[in-house]
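K.L.:
Here it is: the structure, laid out below.
Residue numbers (this note's numbering): 428 to 719.
Okay, here's the thing in structure tokens:
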């Protein structure tokens with residue numbers, strides 16, 4: 428088997444393509460020895476390093492939009508729309524708590540220290556504490572306090588974190604970029620779920636928030652995005668540009684490119700489609716390379 432370092436980028440629900448990428452690498456006899464991830468890349472990479480990727484994949488593949496709503500805990504005083512604690516509690520109960528230094532695969536979650544504006548590598552201590560910090564997208568999930576640090580989404584400063592893998596002994600470095608150039612991609616027909624459940628005002632507000640971040644075809648005819656959508660699109664634009672510079676500075680051997688317009692950040696109800704797409708794109712990327 429060929430040993431590889433795997434770099435998993437940030438990009439919201441598009442990160443479910445990481446699952447397909449990992450499956451493809453395993454099917455092609457690559458041994459993942461090291462993982463570095465930002466945001467959703469840290470979440471998927473950390474769960475894989477803990478040996479529970481298929482448990483997570485089965486769970487997320489069964490999620491519908493109403494399930495996603497139930498995982499979001501409204502925040503009123505922590506500088507974001509959602510606290511982000513509930514989803515981590517659910518995942519920790521499912522996967523189990525782990526210490527990063529005890530994992531069989533070297534793992535680094537990348538976060539951003541927002542006050543000092545610098546990159547932080549989390550490679551020791553609680554796995555889910557590191558993941559929680561790395562996924563703390565500004566405006567969406569509350570930041571994480573760790574010692575004297577104030578940590579937010581790692582994708583702000585390093586959306587494709589290749590640098591943490593540079594000292595590894597792996598034969599190849601493979602990076603999955605979730606902010607690649609937009610493409611014309613046919614989308615399968617999807618239907619909104621109907622629900623007869625009574626909806627509290629808080630739940631209704633969360634539903635409306637998620638709907639506001641859905642694809643343009645599912646929204647009103649307004650030419651102007653909502654303030655939240657504009658902010659998140661601005662972050663996406665920033666990450667796309669930073670990712671290009673990072674990969675130019677630290678060129679990986681293989682880049683798997685997932686178009687940034689494939690889905691929006693909360694479309695986790697498209698898991699099966701995203702996983703399959705990640706597998707397909709990884710297979711295409713590998714086919715374009717010649718390995719000794």
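Positions of the beta carbon are idealized from the N, C-alpha and C atoms, including for glycine.
Note that the structure is a prediction, hence the values are computed from the model and not measured.
Go ahead and pull the three-state DSSP assignment for residue 465.
P.N.:
Here residue 465 sits in strand by DSSP.
K.L.:
Pull the bridge partners of residue 684 from the DSSP assignment, please.
P.N.:
DSSP lists 604 as partners of residue 684.
K.L.:
Let me confirm a value: residue 672 is counted as buried when at least 16 other C-beta atoms fall within 10 Å, else exposed. Which label applies?
P.N.:
Exposed is the call here.
K.L.:
Three-state secondary structure (DSSP) at residue 542?
P.N.:
The answer is coil: DSSP assigns residue 542 none of H, G, I, E or B.
K.L.:
So, using beta-carbon positions, are residue 464 and residue 581 closer together than 9 Å?
P.N.:
For residue 464 and residue 581, yes; Cβs fall inside 9 Å.
K.L.:
Using DSSP bridges, identify the partner residues of residue 573.
P.N.:
Paired residues: 576.
K.L.:
My guess is that residue 467 and residue 442 are in contact by the Cβ rule of under 8 Å, so how many angstroms apart are they, rounded?
P.N.:
Residue 467 to residue 442, Cβ: 3 Å. Contact.
K.L.:
Would residue 436 and residue 686 be called neighbours here (beta carbons separated by less than 9 Å)?
P.N.:
It is not a contact, given that the beta carbons lie outside the stated cut-off.
K.L.:
How would you call residue 611, buried or exposed, if buried means at least 16 neighbouring beta carbons within 10 angstroms?
P.N.:
Exposed.
K.L.:
Which parts of the segment 475 to 529 are runs of the alpha helix (DSSP H), unbroken and 4 residues or longer, counting only runs that do not cross its ends?
P.N.:
The qualifying runs are 480 to 488, 492 to 497 and 512 to 522.
K.L.:
For the beta strand (DSSP E) that residue 693 lies in, which residues bound it at each end?
P.N.:
Unbroken run through residue 693: none, as it is neither H nor E.
K.L.:
DSSP three-state call for residue 647: helix, strand or coil?
P.N.:
With a pLDDT of 49 at residue 647, under the threshold of 50, the modelled position of this residue cannot be trusted, and the question is left open.
K.L.:
Using a Cβ-Cβ cutoff of less than 7 Å, which residues in the same chain neighbour residue 508 once the five nearest sequence positions on both sides are dropped?
P.N.:
Counting only Cβ-Cβ distances below 7 Å, and skipping sequence neighbours, we find 502, 566, 567 and 636.
K.L.:
Could you tell me which of 520, 530, 550 and 570 sits nearest to residue 542, measuring between CA atoms?
P.N.:
Comparing Cα positions, the closest option is 570.
K.L.:
Pop quiz: residue 663 and residue 606 are said to be a contact at Cβ under 8 Å. What is the actual Cβ separation, rounded to whole angstroms?
P.N.:
Yes, they are in contact, since the Cβ atoms of residue 663 and residue 606 sit about 7 Å apart, within 8 Å.
K.L.:
When you compare the segment 482 to 496 with the segment 684 to 699, are there three or more beta-carbon pairs, one atom per stretch, that lie closer than 8 Å?
P.N.:
Judged by Cβ distances under 8 Å, the segment 482 to 496 makes contact with the segment 684 to 699, as three or more pairs qualify.
K.L.:
Would you report the Cα separation of residue 504 and residue 510, rounded to the nearest angstrom?
P.N.:
Each residue's Cα considered, the two are about 9 Å apart.
K.L.:
Thinking residue 428 and residue 456 are a contact (beta carbons under 8 Å), I'd like their distance in whole angstroms, please.
P.N.:
Confirmed, about 5 Å.
K.L.:
What residues match up with residue 533 in a beta bridge as DSSP calls it?
P.N.:
Residue 533 pairs with 461.
K.L.:
Considering Cα atoms alone, identify which of 712, 432, 677 and 556 is closest to residue 532.
P.N.:
Ranking the options by Cα distance to residue 532, first place goes to 432.
K.L.:
For a test of the three-state rule: what should DSSP assign to residue 446, helix, strand or coil?
P.N.:
Residue 446: helix per DSSP, three-state reduction.
K.L.:
List the residues that DSSP assigns as beta-bridge partners of residue 568.
P.N.:
DSSP, once it has assigned bridges, lists 509 as partnering residue 568.
K.L.:
If I measure Cβ to Cβ from residue 681 and keep anything under 6 Å in the same chain, skipping five residues before and after, which residues do I get?
P.N.:
If we look at residue 681 and ignore the five residues flanking it on each side, its Cβ neighbours are 601, 712 and 716.
K.L.:
Look up residue 593 in the DSSP assignment and say whether it is helix, strand or coil.
P.N.:
Of the three classes helix, strand and coil, the one that applies to residue 593 here is coil, per DSSP.
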